[in-house]
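Visitor:
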Amino acid sequence: MSLTTPSRKIATRVAQLTGEGALAVYSRAKELERAGKSIIHLELGEPDFHPAKPVVEALRTAVSEGRDRYCATRGVPALREAIAEYLKRTRRLDVTSEQVLVAPGCKMALSLAMMALIEPGDDVLYPDPGFPIYPSFTRGLGAKAVPFALREENQFQPDLAEISAKITSKTRMLIFNSPNNPTGTVFDRSVLEKLAALAVRHDLWVLSDEIYARILFGGEYQSIWALPGMAERTVIIDGFSKSFAMTGWRLGYAVAAKPVIDAMDLLVLNTFTCAAEFTQLAAVEALRDATHAVEAMVEEYRQRRDLFVAGLNRIPGFRCQQPDGAFYAWVNVEDTGLPAEEVARLLLEEGGVAGIAGAAFGAEGKNYLRFSLVSAPKLLEEALKRVAAVAASWAAVSK
Ligand SMILES: Cc1ncc(COP(=O)(O)O)c(C=O)c1O
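In this note's numbering, the protein residues as written are 7 to 405.
1) Select from ASP100, VAL300, PHE193, LEU390 the residue whose C-alpha is nearest the C-alpha of ASP330.
2) Assuming GLU216 contacts SER229 (C-beta within less than 8 Å), just tell me the rounded distance between them.
3) Mark ALA109 as exposed unless 16 or more other C-beta atoms lie within 10 angstroms of its C-beta, in which case mark it buried.
4) In three-state terms, what does DSSP make of THR174?
5) Apart from the five residues on each side of it in sequence, which residues of its chain come closer than 6 Å, Cβ to Cβ, to GLY127?
6) Count the other CB atoms within 10 Å of the CB of SER214; is the residue buried (16 or more) or exposed (fewer)?
7) Would you report the Cα separation of LEU123 and THR174, rounded to the nearest angstrom?
8) Could you tell me which residues DSSP pairs with GLY245 in its beta bridges?
9) Whole angstroms are fine: how far does the CA of GLU91 sit from the CA of VAL300?
10) Using the Cα positions of PRO133 and LEU257, report the straight-line distance between them to the nearest angstrom.
11) Among LEU375, GLU348, LEU99, ASP312, whose alpha-carbon lies nearest the alpha-carbon of GLY361?
12) Is LYS248 buried or exposed, if buried means 16 or more other CB atoms sit within 10 Å of its CB?
13) Alpha carbons only, please: which of GLU306, ILE267, ARG66 is nearest the one belonging to VAL380?
14) For the alpha helix (DSSP H) holding VAL304, just list the boundary residues, first then last.
15) Ligand 1 heavy atoms versus the CB of LEU257: any closer than 8 Å?
16) Buried or exposed for ALA398, please, with buried defined as at least 16 other CB atoms from any protein chain shown within 10 angstroms of its CB.
17) Return the residue from the list LYS372, GLY25, LEU222, ARG178 that minimises the CA-CA distance to VAL206.
18) List the residues that DSSP assigns as beta-bridge partners of ASN183.
19) Less than 8 Å between the CB atoms is what I'm expecting for ALA392 and GLY357, so what's the real figure, rounded?
20) Taking a contact to mean a Cβ-Cβ separation below 9 Å, would you say TRP336 touches PRO188 in this structure?
21) Rounded to a whole number of angstroms, what is the C-alpha to C-alpha distance between ALA78 and ALA88?
22) Kindly indicate the opening and closing residues of the beta strand (DSSP E) around TYR132.
23) For ligand 1, is there any heavy atom lying closer than 8 Å to the beta carbon of TYR132?
24) For the 8 Å Cβ check, are there 3 or more pairs between the stretch 267-285 and the stretch 309-317?
25) Would GLY136 and GLY368 qualify as a contact pair, given that the criterion is a beta-carbon distance under 9 Å?
26) Here's a check: name, in chain order, each residue in its chain whose Cβ is nearer than 8 Å to the Cβ of PRO164, leaving out the five neighbours to either side.
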């Protein structure tokens with residue numbers, strides 16, 4: 007699409023932005039479905055669960071009680087207090103409601119934090135492979151996006167020497183996401199400690215995207231916020247889309263030092279004014295989680311992960327490390343002897359299995375595919391059969 011009209015120009019920052027690969031695959035998959043082909047959708051990062059009943063009830067009550075007015079720009083006090091309490095309970099973080107700002111979606115919280123803290127000309131470090139919006143929005147702000155690699159031979163943990171070597175006097179911010187989309191890597195405690203030490207030494211902001219913090223298959227979540235010197239320089243991004251299966255409700259939040267929250271609040275006032283009051287009130291109920299819905303959902307993801315990863319590893323040419331969190335399988339397809347884009351295309355067109363070629367998550371993703379574990383086990387089993395059938399027609403290159 008051209009970004010210029012005959013006489014009036016679109017602002018140049020828009021040309022710096024990129025989209026998300028999943029949507030292009032999704033629209034082709036939908037086209038095939040309309041033509042009568044059976045498709046198993048493993049391309050979008052959207053849970054196939056819905057919010058727990060009490061959350062839906064709380065929304066109904068809030069709407070019927072007229073809680074549909076403009077409300078506090080940084081979020082209703084009840085939700086901000088509930089978020090601070092929730093982070094204490096689930097992540098042992100010592101934060102106050104003054105340090106919380108609610109936004110319509112994690113992405114909005116992320117972009118507000120980036121707008122508040124990044125200057126044109128800054129360098130911003132981000133994970134490759136990683137969520138494509140980090141480099142896109144960085145460039146949109148006139149800053150330079152500097153990738154650091156998450157490599158398979160390192161179990162997709164970052165290489166601290168590489169990050170250290172890439173820090174310059176222009177480096178303003180380090181962004182990371184643990185568990186990481188798309189690899190599912192949970193950063194080791196020792197890695198977090200070293201990242202924190204680098205951030206303190208070079209006086210960096212740290213943007214810790216913790217949207218998958220609850221979708222963890224072992225251990226307790228460690229946030230970099232809790233490490234010495236980090237509470238003053240960390241912005242936590244989290245929300246309701248993944249942990250509470252509330253993607254379309256558009257509700258996320260940021261946690262940061264009060265001056266950062268105040269700056270973000272001014273951006274809210276200048277843009278969307280507030281998140282909807284009734285979704286915020288229902289979100290208080292989600293955090294209470296009276297039916298233990300999160301636990302049940304994570305257990306279901308664990309079973310899907312075990313089934314799908316083991317099944318993929320039995321198919322010649324496919325190789326997948328067990329993810330420790332999130333709900334994605336990040337699969338190396340180098341040994342098929344085909345480019346990942348071609349593998350993705352054949353799986354979709356011939357097998358009816360939709361996944362995303364890894365380059366959508368950065369240059370390091372070029373030999374990989376991402377599948378979301380967002381379908382019931384029966385469908386995942388069927389997907390494995392289809393992948394195996396398509397793969398049978400390739401001569402897998404032995405290592
Ligand atoms: C790492 C990461 N951050 C943020 C988001 C966006 O979350 P939301 O839907 O709440 O805007 C996603 C969604 O896929 C994600 O994977």
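The beta carbon of each residue, even a glycine, is placed where N, CA and C say it ideally should be.
Guide: On the basis of the coordinates in this document:
1) For the purposes of this step, residue 330 is taken as the residue at position 324 of the sequence shown. The candidate whose alpha carbon is nearest that of ASP330 is PHE193.
2) If you number the sequence shown from 1, residue 216 lands on position 210. If you number the sequence shown from 1, residue 229 lands on position 223. Contact flag correct, Cβ pair sits at about 6 Å.
3) Mapped onto the sequence shown, residue 109 falls at position 103. So ALA109 counts as buried.
4) For this step, residue 174 is matched to residue 168 along the sequence shown. If DSSP states are grouped into helix, strand and coil, THR174 belongs with coil.
5) Reading the sequence shown from its first residue, position 121 is the one you call residue 127. Result list for GLY127: empty, nothing under 6 Å.
6) By 1-based counting over the sequence shown, the position of residue 214 is 208. By the 10 Å Cβ count, SER214 comes out buried.
7) If you number the sequence shown from 1, residue 123 lands on position 117. If you number the sequence shown from 1, residue 174 lands on position 168. C-alpha separation (whole angstroms): 17 Å.
8) By 1-based counting over the sequence shown, the position of residue 245 is 239. GLY245 is bridged to GLY258.
9) Counting from one through the sequence shown, the residue named residue 300 turns up at place 294. Counting from one through the sequence shown, the residue named residue 91 turns up at place 85. So the two alpha carbons sit approximately 17 Å from each other.
10) For the purposes of this step, residue 133 is identified with residue 127 of the sequence shown, where counting begins at 1. For the purposes of this step, residue 257 is identified with residue 251 of the sequence shown, where counting begins at 1. Going from the Cα of PRO133 to the Cα of LEU257 covers about 24 Å.
11) Taking the first residue of the sequence shown as position 1, residue 361 is located at position 355. Checked all of LEU375, GLU348, LEU99, ASP312; the closest Cα to GLY361 is LEU375.
12) Looking up residue 248 in the sequence shown gives position 242. That one is buried.
13) Numbered from its first residue, the sequence shown carries residue 380 at position 374. For the residues GLU306, ILE267, ARG66, the minimum Cα distance to VAL380 belongs to GLU306.
14) Within the sequence shown, the letter at position 298 stands for residue 304. 299-319 is the span of the alpha helix (DSSP H), which, as asked, contains VAL304.
15) Along the sequence shown, read from residue 1 onward, the residue named residue 257 stands at position 251. Answer for LEU257: yes, Cβ within range of ligand 1.
16) Within the sequence shown, numbered from 1, the residue matching residue 398 stands at position 392. Exposed.
17) Numbered from its first residue, the sequence shown carries residue 206 at position 200. Here the closest residue by C-alpha is ARG178.
18) If you number the sequence shown from 1, residue 183 lands on position 177. Note: ASN183 sits in a beta bridge opposite ASP215.
19) Locating residue 392 in the sequence shown gives position 386, where the first residue counts as 1. Locating residue 357 in the sequence shown gives position 351, where the first residue counts as 1. One point to set straight first is that residue 392 is Arg, not Ala, in the sequence displayed. 4 Å between Cβ atoms; contact.
20) Locating residue 336 in the sequence shown gives position 330, counting from the first residue. Locating residue 188 in the sequence shown gives position 182, counting from the first residue. Yes; because the gap between Cβ atoms is below 9 Å, this pair is in contact.
21) Start at 1 with the first residue of the sequence shown, and residue 78 comes out as number 72. Start at 1 with the first residue of the sequence shown, and residue 88 comes out as number 82. One C-alpha to the other measures close to 15 Å.
22) For the purposes of this step, residue 132 is identified with residue 126 of the sequence shown, where counting begins at 1. Taken as a continuous stretch (DSSP letters only), the beta strand (DSSP E) holding TYR132 covers 129-134.
23) Position 126 of the sequence shown, counted from the start, is the residue given in the question as residue 132. No; taking the cut-off as 8 Å, the Cβ of TYR132 has no heavy atom of ligand 1 nearer than that.
24) no
25) Position 130 of the sequence shown, counting from 1, holds the residue named residue 136. Position 362 of the sequence shown, counting from 1, holds the residue named residue 368. Cβ atoms of GLY136 and GLY368: closer than 9 Å.
26) Indexing the sequence shown from 1 puts residue 164 at position 158. The residues are PRO133, PHE154, ALA155, LEU156, PHE182, PHE193, VAL197, LEU201.
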